[in-house]
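Asker: Numbering (my numbering), first residue to last: 4 to 94.
All C-beta atoms, glycine included, are put in the ideal place defined by N, C-alpha and C.
Small disclaimer: the values here were computed from a predicted structure and weren't measured.
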């Protein structure tokens with residue numbers, strides 16, 4: 004449960020406090036963010052995750068471009084990967 008709370012904190016930071024926050028005013032963009040993080044953390048191709056969840060791949064790639072443009076891509080991806088490792092240790 005602790006890892007889940009940290010994931011929620013990461014998403015809250017991105018959606019409300021990050022330089023990218025203005026991009027996440029629509030619920031669909033938050034869904035795309037979560038799917039994009041899922042794809043990157045599990046090291047699955049973005050287009051495969053989009054296909055699996057019936058979302059246009061462009062929506063997920065748009066998230067990647069936004070995070071890179073705002074300079075928080077590495078910070079967000081590294082934090083998400085660290086949270087996944089913590090979750091796997093607790094299993």
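Could you check whether the stretch 19-30 touches the stretch 66-78, counting it as contact only if at least three pairs of C-beta atoms, one from each stretch, sit closer than 8 Å?
Answerer: yes
Asker: Can you tell me which of the three DSSP states residue 91 falls into?
Answerer: helix
Asker: Using a Cβ-Cβ cut-off of 7 Å (strictly less than) and excluding sequence neighbours within five positions of residue 22, which residues of its own chain qualify?
Answerer: 73, 74, 75
Asker: When DSSP labels each residue in this structure, what does residue 46 get in the three-state scheme?
Answerer: coil
Asker: Among the residues of its own chain, which have a CB less than 7 Å from the CB of residue 33, if the five just before and after it don't count?
Answerer: 18, 27
Asker: Count the other CB atoms, across all protein chains shown, that sit within 10 Å of the CB of residue 82; report buried if there are 16 or more and exposed otherwise.
Answerer: So residue 82 ends up on the buried side.
Asker: Determine whether the beta carbon atoms of residue 56 and residue 36 lie at a separation below 8 Å.
Answerer: no
Asker: Of the residues 66, 58, 44, 15, which one's Cα is nearest the Cα of residue 91?
Answerer: Answer by Cα proximity: 44.
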